[in-house]
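So for the sequence shown, the numbering used here puts the first residue at 13; every next one is plus one. Even for Gly, the Cβ is constructed at its ideal location relative to N, Cα and C.
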Amino acid sequence: MGILRRRERLTAATVTLPGSAPASISSIPTEIAQAFGINTSLTAVTRKEAMSLPVVRQGRHMIAGTIGTFPLICERGDTPIRRDLLEQPDWTTTRGWTVTWTVDDLMFYGLAWWLVTARDSLGYPVRATRIARSRLQLDATSQTARVDGIPVNPSDLIRFDGPDEGILAAGARALRTAIRLEDAVQRFAVLDVPAGVLKDTRPGHALKQDEVDQLLTRWSSARAKHNTGYLNGSLDYQPVAFNAQQLQLTEARQHMALELARLM
């Protein structure tokens, strides 16, 4: 895959600027953050939120899951060369799992990391484990690395670079819009608004509370039996609720599904 290097570059998950205390993500200058592939947007979407969208979940499984089944082959010229690192990178899990989650990291974050756990007599990696983004802490100033807070040799890190900054950053606006749209659909589904109002058109006339309750009960019971209702000249039925079509939720969801499909 052209991914192995004896000397690997460091990126910054947490950045320490020279002569200052560690900076928060939101305070990092945009040009520096972009150089390290960090999304400083306050409206950033998490992977968990993105995966809650059916289109993203389907795309992730289709892309990462399919690539995870591909063999990894090392060749010199036209001659295949066996490499234990490509046959079975991590003894604790399958090669398919390791590759699938590596592609997942590249899709969502634009970067993926392996930690070398064993080398051969010449110093080349023979075993490695995929390191989740949340487990890795890098300091660009001191050139140090930690995994789960434990120091590791930076030369034991293998970095994979994606084609861009990942969909969580590149597609933040589309993902956030889709999430808000789904939230709106959920709110509409549980919205406690009457379907309509019965209005007495007789001026100066008002029913007593027990009469109102009786009228509404009989109206609701009749609607459960018949689709068509009947009102005399003194009552008028006024629908007040919006449906999903009137709110254009159906069209908006279809549009966002297409947008997310393009993003994936």
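As computed with DSSP, residue 271 is found in no beta bridge at all. For residue 128, the beta-bridge partners assigned by DSSP are 140. Leaving aside the five residues that flank residue 186 on each side, the residues in its chain whose CB is nearer than 8 angstroms to its CB run, in chain order, 268, 271, 272, 275. Here residue 176 has 122, 182 as same chain residues with Cβ atoms under 8 angstroms from its own Cβ, once five neighbours each way along the sequence are excluded. For a cut-off of 8 angstroms, the C-beta gap from residue 139 to residue 102 is around 7 angstroms, short enough to register as a contact.
Around the C-beta of residue 236, fewer than 16 other C-beta atoms lie within 10 Å, and the residue is accordingly described as exposed.
Contact check for residue 164 against residue 265 fails: the beta carbons are separated by 8 angstroms or more. Within the stretch 169-224, the beta strand (DSSP E) runs of at least 3 residues that lie entirely inside it are, in chain order, 169-173, 208-212. When only Cα atoms are considered, residue 238 and residue 232 end up about 10 angstroms apart.
Here the alpha carbons of residue 70 and residue 218 stand approximately 57 angstroms from one another.
Judged by their CB atoms, residue 248 and residue 220 are not nearer to each other than the 8 angstroms cut-off. Residue state for residue 79 is assigned as helix, using DSSP reduced to three classes. Under the three-state reduction of DSSP output, residue 58 falls in the coil class, being neither helix nor strand.
Scanning its chain for C-beta atoms nearer than 7 angstroms, with the 5 sequence neighbours on each side dropped, one finds around residue 59 the residues 120, 180, in chain order. For residue 97, the closest of 117, 126, 116, 73 by C-alpha to C-alpha distance is 126.
Where residue 151 is concerned, the enclosing beta strand (DSSP E) starts and stops at 148-151. The residue among 242, 155, 171, 213 with its C-alpha nearest the C-alpha of residue 124 is 171. C-alpha of residue 85 to C-alpha of residue 66: approximately 33 angstroms in a straight line. Here residue 178 is buried. Its C-beta has 16 or more other C-beta atoms within 10 Å. The alpha-carbon separation between residue 89 and residue 95 amounts to approximately 15 angstroms. With a contact defined as Cβ atoms closer than 8 angstroms, residue 131 and residue 113 miss out at about 22 angstroms. Residue 118 holds the alpha-carbon nearest to the alpha-carbon of residue 174 among 118, 161, 128, 82.
Nearest neighbour of residue 78 by Cα position, chosen from 63, 149, 116, 91, turns out to be 116. In the structure shown, residue 240 adopts coil according to DSSP, grouped into three states. C-alpha of residue 214 to C-alpha of residue 240: approximately 23 angstroms in a straight line. Per DSSP, residue 104 lies in no beta strand (DSSP E) segment and is marked neither H nor E.
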